[in-house]
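Chains as they are written, first to last, in the working numbering: chain A, 1 to 162; chain B, 1 to 143; chain C, 1 to 506; chain D, 1 to 580. For reference, the structure is listed below as structure tokens.
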């Protein structure tokens with residue numbers, strides 16, 4: 001009941017949010033992929049990306065956001081981002097360079113650098129976004145401080161690797 | 001006096017850090033302690049940011065030499081022909097990492113506080129201390 | 001042993017990649033297996049690294065192919081190679097032990113998080129040891145600390161564990177912040193973050209106040225991280241309430257790695273002459289160390305929880321190490337390094353044996369553990385041997401380190417310090433003797449003691465492995481001593497470099 | 001291969017193997033375990049007989065060249081002695097089924113052997129500490145509250161001795177660059193000590209002194225031995241102090257100070273022994289007195305005197321364990337050995353009684369073991385010119401005979417008959433006692449057996465007229481005094497407790513001053529002990545006040561406390577660094 005009331009009360013905000021979400025997402029992608037040309041990068045993009053879901057959660061209720069992006073998916077995304085980051089370095093190891101030496105990724109060192117940075121930043125972005133959303137889930141699910149905590153909180157320390 | 005003021009940057013750092021430190025000592029509320037910690041760390045971030053600042057420096061964005069020439073021709077003043085004076089970007093990069101670490105610390109701290117509140121019913125440190133020592137006393141009584 | 005330069009970076013990358021794999025797999029058993037295998041590989045890599053470094057080589061690895069002062073450089077000489085091996089071996093042993101032990105301490109669905117946190121902690125610790133970049137030290141320090149806070153918070157007595165973790169978090173973050181600040185000052189003074197580079201440039205700005213301030217802040221930060229006497233108070237609770245596997249792991253590694261940072265900064269980066277000649281760091285450390293090992297030994301005597309006894313004794317042992325370090329002589333440094341290594345093994349073994357007792361009895365309170373020698377002979381025997389080693393009884397590792405400690409003190413003409421070290425080892429006899437006496441001679445109060453079985457094999461295996469290591473190093477102390485001497489001379493000859501190889505001690 | 005065979009096996013190896021065997025024996029095989037404890041000394045002894053003198057087993061530790069075995073006449077004699085003692089004590093302890101005790105006693109003897117063969121301070125220290133750790137098990141295994149307490153005191157004192165030895169050895173090794181055990185010269189002029197080397201020698205001297213029971217350090221002997229198990233006590237009295245005597249003889253022969261110390265040691269325990277009620281404690285005091293003789297002889301330091309000291313040690317082990325064994329048998333059968341409550345046991349335990357009389361006579365009667373060795377010490381004292389010392393030793397000899405030789409057997413087996421009816425001692429105990437008694441008599445009658453194994457060549461005949469007559473006179477007088485005083489009820493009575501009863505007071509017409517001297521010296525000693533105990537207690541409670549789990553240092557600090565301490569360090573470090 002409560003949920004419906006809330007939704008009804010914030011109808012205007014909800015509609016506007018629906019318009020905003022794709023734009024913010026787009027902006028996040030811009031910041032992400034433009035990172036090696038101008039200002040931007042994985043950290044910022046990740047946070048912007050996560051802000052979409054946080055906004056969604058604030059407006060539509062956290063329960064609905066959980067359906068969109070399940071904690072399980074977050075867990076895997078978080079790990080995959082980190083793996084992507086570390087994996088890029090390992091690939092460059094296999095290609096004969098030092099760890100994280102992107103020049104060897106492709107035959108052309110410059111585009112190698114480009115793709116290296118690209119994938120590393122992507123990894124960072126994914127991890128940061130996932131961690132931010134899961135932080136939001138953690139705290140918002142505890143409004144009443146009762147019952148068992150469904151999702152462990154302590155993953156937050158993962159983002160120190162970003 | 002003027003000499004002292006010339007280091008306004010460092011004074012600000014000291015004030016911010018000590019404010020944070022004071023909050024951590026003076027307040028029993030765990031959330032306020034975390035806030036204090038955060039302020040304390042912010043002081044350090046500020047210090048790093050100040051390190052990179054170069055007088056009259058611009059943003060450290062790499063421009064094509066050609067572009068530099070053109071802009072130099074256009075602006076004509078301020079910037080010498082082949083060089084641009086830019087702020088040192090390294091401290092900023094460093095502090096970005098430190099900020100992320102700070103966020104992680106804060107998140108973990110808050111998460112712990114939530115848990116502590118669940119278990120103790122309070123986030124005042126003196127209450128927690130009292131509950132813990134009571135618990136020990138009970139154990140002793142049982143023996 | 002086969003060695004490749006890339007091994008150094010793999011030491012960090014392997015646990016870093018294994019951690020997310022654990023999170024993805026999510027099953028308790030699978031993530032344990034992942035952690036174990038990656039740790040096993042790390043041990044092999046670290047041993048190969050050690051055998052390479054011990055021949056007088058210094059490993060320098062440029063991350064991302066960027067040359068040293070610009071890019072991040074990994075820098076490995078004697079002291080880090082030794083500690084990398086120690087940390088990875090201890091981690092492997094405790095990991096084997098943890099499989100059974102966390103069953104009773106942590107809820108099944110959280111196991112994968114435990115292992116992920118563990119691997120991240122290992123990443124951080126190894127990263128600190130490997131990196132040659134001052135700022136990178138801070139980053140890795142925070143990675144390891146954050147995962148430690150989380151691991152501690154998983155503890156058995158949930159309530160106190162949370163508070164202990166929170167307190168550690170506040171104090172640890174302040175410590176790390178001080179280190180960060182100090183590094184900032186160093187950067188301001190020298191314009192570089194590469195440690196060897198800083199070391200080269202510091203003499204140019206030696207008198208600078210900036211350097212003094214940076215020096216002071218790094219000192220304080222590291223004092224907190226190493227749990228030195230007046231700022232030790234995060235440690236006892238953290239060790240007591242953490243899951244037993246975690247406290248075993250931390251006891252062996254966390255403070256030791258911080259001690260390594262200490263050695264690296266004050267002997268290498270600032271240089272022995274500057275730290276102990278110009279600024280008299282020894283005069284700060286020595287009084288704190290002496291008061292520390294004395295007072296903390298006394299406090300340990302009066303504790304009722306065995307884990308707390310061990311925690312306070314850890315602080316006392318850190319006092320010994322600091323006393324040795326503050327001599328700033330080759331003997332002192334050697335003694336300090338020997339004690340770092342030996343104490344790491346001994347303390348881990350002690351905590352593991354307490355963990356075994358905890359596993360079967362559910363308590364580590366001395367008063368409730370009368371006569372358990374009968375039901376858990378292997379565990380208690382291990383505890384006794386490790387305890388004797390902690391006291392410094394001959395033919396154990398502890399004796400070797402005490403011997404060098406006292407010899408170094410006497411060589412420096414510090415008779416009084418030598419006498420006090422001996423006196424406080426009498427205290428160690430009391431606090432270990434008290435526990436051993438309860439184990440062997442007191443009658444049990446708790447019912448059903450007879451029914452309790454010996455700890456499972458998978459817990460005893462790492463325990464006895466560590467015991468054998470420490471007894472072996474006690475009987476044939478030369479291995480550890482040579483390693484320590486080698487790395488001490490390397491640290492003291494500022495910047496040994498490749499052009500100045502030190503002879504092979506083995 | 002032949003080389004391997006000719007390399008001597010360290011006796012410790014046998015004892016360790018024995019201990020391990022016993023440790024892993026199935027629970028029910030008690031007799032086998034006892035058999036092992038008896039067999040190991042025999043096996044080890046046979047292997048020992050093959051030994052040549054010399055040094056073996058060099059090893060490197062901590063950068064020093066160490067020698068595991070350095071066998072010469074002195075160490076071999078003590079090794080034989082310990083084997084004999086272990087053998088007798090093993091038979092005596094045949095009936096027990098306490099694995100802890102058996103393992104501990106084997107390791108104890110093994111480490112004593114390790115100590116006497118040690119060629120350097122470090123090896124000596126290792127075995128010195130092992131000796132302490134294993135012997136404390138023998139006391140602990142009585143498993144009573146009192147024995148626990150005294151074992152802890154014992155351990156602290158023994159470990160302290162070890163620590164002193166260690167520090168001294170360390171300093172000597174640093175000064176001289178070698179850790180080999182050598183003769184040391186003690187700088188007795190305390191005010192002129194200014195080198196570390198002198199301090200080091202004093203430390204070693206003190207370490208030996210504690211183990212040996214020097215005056216003021218002697219309390220552990222009287223404290224711990226009577227608390228040990230009946231069987232464990234036999235091991236204890238035979239070994240710990242003898243190792244110390246060995247070490248003194250090795251390093252401090254000829255130190256004048258030792259003569260004084262020895263005389264004090266020989267005389268003062270007699271006072272305590274006379275007043276003591278617990279008969280095992282009486283024997284413990286008389287051990288101190290006997291050690292005083294040996295210390296005196298070492299102080300004299302001539303080859304002959306060392307021979308005398310060693311021979312006395314040898315005999316002392318045999319006859320004192322014989323006496324102790326008889327008391328142990330009483331303890332086993334009656335449950336206590338308080339002189340006030342025992343009497344007339346000779347009717348129930350005739351064999352034990354006779355054997356204990358042999359032990360008593362062996363203290364210094366001609367034709368028994370003690371006489372032939374003490375006579376050497378006496379004559380050497382005279383030769384070296386210590387006339388007063390000689391007189392004092394004579395007095396002590398008589399006193400010891402009076403206090404332990406007559407008193408212990410008398411109060412236990414004779415005296416007013418009581419209703420105590422118990423069984424005779426077990427066969428194994430009787431056997432052990434008989435073996436000891438045979439040795440007592442054999443050595444007394446044929447002293448050349450003993451003389452032939454002494455470290456220095458000897459040409460001495462104890463049975464000349466002067467010696468025998470002097471000794472006999474003294475003994476008869478002391479015996480006569482005891483009998484007469486006892487008949488007249490003048491001998492200090494055996495009191496159940498230390499509270500003097502009005503009832504007994506008027507009977508004490510025994511020379512009043514003598515009685516008072518005895519009484520007050522014991523009283524003052526006790527009050528000294530009491531006072532120091534009180535002080536220690538106060539310190540401990542003071543420490544506990546700040547460091548138990550709820551107190552300032554022991555409890556968890558709040559974040560504020562942590563940060564304030566951090567602030568102090570911060571200010572301290574900043575100020576310190578900045579002020580330079």
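Even glycine gets a Cβ: it sits at the ideal position worked out from N, Cα and C.
Verify whether the separation of the beta carbon atoms of residue i and residue j is less than 9 angstroms.
| i | j | result |
| --- | --- | --- |
| residue 110(B) | residue 43(A) | no |
| residue 125(D) | residue 169(D) | yes |
| residue 555(D) | residue 133(B) | yes |
| residue 43(D) | residue 79(D) | no |
| residue 254(C) | residue 167(C) | no |
| residue 212(D) | residue 244(D) | yes |
| residue 312(C) | residue 300(C) | yes |
| residue 86(C) | residue 152(C) | no |
| residue 18(C) | residue 30(C) | no |
| residue 160(D) | residue 210(D) | yes |
Excluding the five sequence neighbours on either side, which residues of its own chain have a C-beta within less than 7 angstroms of the C-beta of residue i, listed in chain order?
| i | result |
| --- | --- |
| residue 77(B) | Unreliable placement is indicated for residue 77(B), whose pLDDT of 49 sits below 50; no coordinate value is reported for it. |
| residue 147(C) | 117, 120, 121, 124 |
| residue 155(D) | 132, 136 |
| residue 43(B) | 13, 16, 17, 20 |
| residue 92(C) | 39, 40, 43 |
| residue 364(C) | 305, 306, 307, 354, 357, 358 |
| residue 45(B) | 95, 98, 99 |
| residue 48(A) | 24, 27, 28, 31 |
Report all residues from its chain with a CB closer than 6 angstroms to the CB of residue i; omit the five preceding and five following residues, and keep chain order.
| i | result |
| --- | --- |
| residue 316(C) | 293, 296, 297 |
| residue 231(C) | 223, 224 |
| residue 564(D) | none |
| residue 13(C) | none |
Leaving out five residues on either side along the sequence, give the residues of the same chain with a beta carbon under 8 angstroms from the beta carbon of residue i.
| i | result |
| --- | --- |
| residue 545(D) | 551 |
| residue 215(D) | 261, 264, 265, 268 |
| residue 11(A) | none |
Is the beta carbon of residue i within less than 8 angstroms of some heavy atom of the ligand GTP?
| i | result |
| --- | --- |
| residue 290(D) | By its list of ligands, the structure shown contains no ligand whatsoever, and the ligand GTP lies outside what it can speak to. |
What are the residues of the region 190-210 of chain C that lie near chain B, defined by any Cβ-Cβ distance shorter than 9 angstroms?
For the region 190-210 of chain C, the set of positions with a beta-carbon nearer than 9 angstroms to some beta-carbon of chain B reads 191, 193 in chain order.
Counting only Cβ-Cβ distances shorter than 9 angstroms, please list the residues of the region 300-322 of chain C near chain D, keeping chain order.
Closer than 9 angstroms at the C-beta level to chain D, one finds these residues of the region 300-322 of chain C: 300, 301, 302, 303, 304, 305, 308, 312.
Is it a yes or a no for the region 179-189 of chain D touching the region 223-233 of chain D, going by three-plus beta-carbon pairs under 8 angstroms?
The region 179-189 of chain D and the region 223-233 of chain D do not touch, with fewer than 3 CB-CB distances between them shorter than 8 angstroms.
Is there contact here, the region 122-132 of chain B with the region 20-36 of chain B, by at least three beta-carbon pairs under 8 angstroms?
A contact exists between the region 122-132 of chain B and the region 20-36 of chain B.
Within 9 angstroms of chain C by C-beta, residues of the region 435-466 of chain D in sequence order
Here the close residues number zero.
Using Cβ-Cβ distances below 8 angstroms, what residues of the region 555-573 of chain D are close to chain B?
Using a CB distance below 8 angstroms, the part of the region 555-573 of chain D facing chain B consists of 555, 556, 558, 559, 560, 563, 564, 567, ordered along the chain.
Determine which residues of the region 38-66 of chain A have a Cβ less than 7 angstroms from any Cβ of chain B, and write them out in chain order.
Those would be 43, in chain order.
Check whether the region 378-387 of chain C touches the region 423-441 of chain C, counting contact only when three or more Cβ pairs, one atom from each stretch, lie closer than 8 angstroms.
In short, these stretches touch, since the Cβ pair count reaches three.
Measuring CB atoms only, is the region 17-26 of chain A touching the region 96-113 of chain A, in the sense that at least three cross pairs come out at less than 8 angstroms?
They do not touch, by the three-pair rule.
Taking 8 angstroms as the cut-off, does the region 281-292 of chain C touch the region 179-197 of chain C (at least 3 CB pairs, one atom from each stretch)?
The region 179-197 of chain C makes no contact with the region 281-292 of chain C, as fewer than three CB pairs between them are under 8 angstroms.
Note down, in chain order, all residues in the region 98-122 of chain C with a beta-carbon under 7 angstroms from any beta-carbon belonging to chain B.
Cβ contacts with chain B: none found.
Residues in the region 100-123 of chain A with C-beta within 7 angstroms of chain C's C-beta atoms, listed in sequence order?
For the region 100-123 of chain A, which is checked against every Cβ of chain C, the residues closer than 7 angstroms are 100, 101, 103.
Near-chain A residues of the region 56-80 of chain C (beta-carbon distance less than 8 angstroms), N- to C-terminal order:
Contact residues of the region 56-80 of chain C toward chain A are 61, 62, 63, 64, 65 (C-beta to C-beta distance below 8 angstroms).
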